[in-house]
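Q:
In our numbering, the protein residues as written are 4 to 227.
(1) Which residues does DSSP pair with residue 189 in a beta bridge?
(2) Please list, in chain order, all residues of the same chain as residue 26 whose beta carbon is under 6 Å from its beta carbon, the five residues on each side excluded.
(3) According to DSSP, simplified to helix, strand and coil, what is residue 184?
(4) Determine the burial state of residue 121: buried for a count of at least 16 other Cβ atoms within 10 Å of its Cβ, exposed for fewer.
(5) Take every Cβ of the segment 154-163, pair it with every Cβ of the segment 47-67, and state whether three or more of those distances are shorter than 8 Å.
(6) Looking at the secondary structure, which residues open and close the alpha helix (DSSP H) in which residue 162 lies?
(7) Spell out a yes or no on whether the segment 140-154 and the segment 105-124 are touching, meaning 3 or more CB-CB pairs, one atom from each, closer than 8 Å.
(8) Can we say the segment 43-50 touches the segment 216-223, given the rule of at least three CB pairs closer than 8 Å?
(9) Can you give the Cα-Cα distance for residue 172 and residue 64, rounded to whole angstroms?
(10) Per DSSP, what are the beta-bridge partners of residue 119 in this structure?
(11) Quick check: the Cα distance between residue 88 and residue 94, rounded to an integer number of angstroms?
(12) Thinking just about the alpha-carbon of each residue, which of 194, 96 and 222 is nearest to the one in residue 179?
(13) Residues in the same chain with beta-carbon distance under 6 Å from residue 130, minus the five sequence neighbours each way, listed in chain order, please.
(14) Identify the residues that DSSP records as bridge partners of residue 124: which are they?
(15) Could you check if residue 113 is buried or exposed, using at least 16 other CB atoms within 10 Å of its CB as the buried criterion?
(16) Our contact map puts residue 204 next to residue 170 with C-beta atoms below 8 Å; I'd like the distance itself, whole angstroms only.
(17) Taking a contact to mean a Cβ-Cβ separation below 9 Å, would you say residue 191 touches residue 161 in this structure?
(18) Should residue 201 go down as buried or exposed, given a rule of 16 or more other Cβ atoms within 10 Å for buried?
(19) So, are the CB atoms of residue 146 and residue 166 less than 9 Å apart?
(20) Would you decide whether residue 184 is buried or exposed? Buried here means 16 or more other CB atoms lie within 10 Å of its CB.
(21) Using the rule of at least 16 other Cβ atoms within 10 Å of the residue's Cβ for burial, across every protein chain shown, is residue 221 buried or exposed?
(22) How far does the alpha helix (DSSP H) with residue 221 in it reach, from first residue to last?
(23) Using the C-alpha atoms, what's the distance from residue 109 back to residue 138?
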C-alpha cells in the first residue's frame with residue numbers, strides 16, 4: 004500500500020527514475036503526433052459533414068478507454084531500476100503535483116520543462132469550486148502549434164483535449180489505486196488558439212458521494 008506522504012528518498016528516487024525511463028524508451032516525434040491528431044480530427048469531421056464538434060465527441064469516446072488502459076499500465080506495471088512507479092503514488096493529495104511532474108517528464112523528457120510549468124495543488128478551502136484542484140499551466144503546446152483548424156469550429160471543445168484526457172486518466176488511476184473515492188474531471192480553460200497568453204488545464208477531484216458539486220462548476224457548463 005502507498006505511504007501516507009512521499010518521503011524525501013522516494014522523491015529523489017522518482018527524480019532519477021523518470022530520467023532513466025525517458026532515456027530507455029523510444030520517443031515519438033511530437034510533430035508527428037500532432038499531425039496525426041489533426042488528421043484524425045479532419046477525417047472524422049468529413050464523416051460528420053464538417054461538424055468538428057461532433058467529430059471531437061466521437062474521437063474522445065474512442066480515445067478515453069485507450070488512454071485509461073495505457074496510463075494504468077504505465078503507472079501500475081512499469082518498473083525503473085527495479086522500483087515500480089506505483090510506489091511513488093501517495094493518497095496524500097499534496098503529493099499529486101510531484102507525481103504528475105514525474106510522469107510528464109517520463110513521457111516528454113527534458114521538453115516537459117519547456118512545455119509545462121510546475122503543477123500546483125489547490126486545497127478545497129482555496130478553490131472556487133470547493134474541491135481539491137490541480138492547476139497545470141503550459142508555456143507552449145505540442146498540439147496546437149501546428150494546427151490550421153480554427154478554434155471556433157470545435158464548438159465547446161478545446162484543441163488540447165487529448166492532453167487533458169491523458170493526464171485526467173493518469174490522476175484517476177492514481178486515485179483509484181490508493182483508494183481515494185474521487186472522480187477526476189479535467190478541462191482546458193486557456194488555449195493559445197483562443198488568444199490566451201498561456202495554456203492552462205484544471206483538474207477537479209470530486210468526492211464520488213457528492214458528484215452534485217459538478218453542477219456548480221461554470222467551466223463544466225461551457226467547456227466539454
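Cβ atoms here follow ideal geometry from the backbone N, Cα and C, with glycine treated the same way.
A: Result, derived from the coordinates:
(1) Position 186 of the chain shown, counted from the start, is the residue given in the question as residue 189. In the DSSP assignment, residue 189 is bridged to 206.
(2) Here residue 26 refers to the residue found at position 23 of the chain shown. A caution first: residue 26 carries a pLDDT of 44, below 50, which makes its placement in the model too unreliable to give a value.
(3) Numbered from 1 along the chain shown, position 181 holds the residue referred to as residue 184. In this structure, residue 184 counts as coil in the three-state DSSP scheme.
(4) In the chain shown, counting from the first residue as 1, residue 121 sits at position 118. Under this definition residue 121 is an exposed residue.
(5) Cβ pair count under 8 Å is three or more, so yes.
(6) As a first step, residue 162 must be located in the chain shown, where it is residue number 159. For residue 162, no alpha helix (DSSP H) run applies, since DSSP gives it neither H nor E.
(7) Yes, since at least three Cβ pairs between the segment 140-154 and the segment 105-124 fall closer than 8 Å, the two stretches touch.
(8) Three or more Cβ pairs closer than 8 Å define a contact, and the segment 43-50 falls short of that threshold against the segment 216-223.
(9) In the chain shown, counting from the first residue as 1, residue 172 sits at position 169. In the chain shown, counting from the first residue as 1, residue 64 sits at position 61. When only Cα atoms are considered, residue 172 and residue 64 end up about 13 Å apart.
(10) Position 116 of the chain shown, counted from the first residue, corresponds to residue 119. Answer is 141.
(11) As a working note, residue 88 is residue 85 in the chain shown. As a working note, residue 94 is residue 91 in the chain shown. Taking the straight line from one Cα to the other gives about 14 Å.
(12) The sequence position of residue 179 within the chain shown is 176, counting from 1. The shortest Cα separation from residue 179 among 194, 96 and 222 belongs to 96.
(13) Here residue 130 corresponds to residue number 127 of the chain shown, with the count starting at 1. 136.
(14) Locating residue 124 in the chain shown gives position 121, where the first residue counts as 1. By DSSP's assignment, residue 124 forms a beta bridge with 137.
(15) In the chain shown, residue 113 corresponds to position 110, counting from 1. Looking at its Cβ environment, which holds fewer than 16 other Cβ atoms inside 10 Å, residue 113 is exposed.
(16) For the purposes of this step, residue 204 is taken as residue 201 along the chain shown, with counting starting at 1. For the purposes of this step, residue 170 is taken as residue 167 along the chain shown, with counting starting at 1. Residue 204 to residue 170, Cβ: 7 Å. Contact.
(17) Translated into positions along the chain shown, residue 191 becomes position 188. Translated into positions along the chain shown, residue 161 becomes position 158. Cβ atoms of residue 191 and residue 161: closer than 9 Å.
(18) Walking along the chain shown from the start, residue 201 turns up at place 198. Burial call: exposed.
(19) To locate residue 146, count along the chain shown from 1; it is residue 143. To locate residue 166, count along the chain shown from 1; it is residue 163. Yes, the Cβ-Cβ distance between residue 146 and residue 166 is below 9 Å.
(20) Sequence index remark: in the chain shown, residue 184 carries index 181 (1-based). Burial call: exposed.
(21) Position 218 of the chain shown holds residue 221. Exposed.
(22) Position 218 of the chain shown, counted from the first residue, corresponds to residue 221. Counted as a single uninterrupted DSSP element, the alpha helix (DSSP H) harbouring residue 221 occupies residues 221-225.
(23) Locating residue 138 in the chain shown gives position 135, counting from the first residue. Locating residue 109 in the chain shown gives position 106, counting from the first residue. Going from the Cα of residue 138 to the Cα of residue 109 covers about 19 Å.
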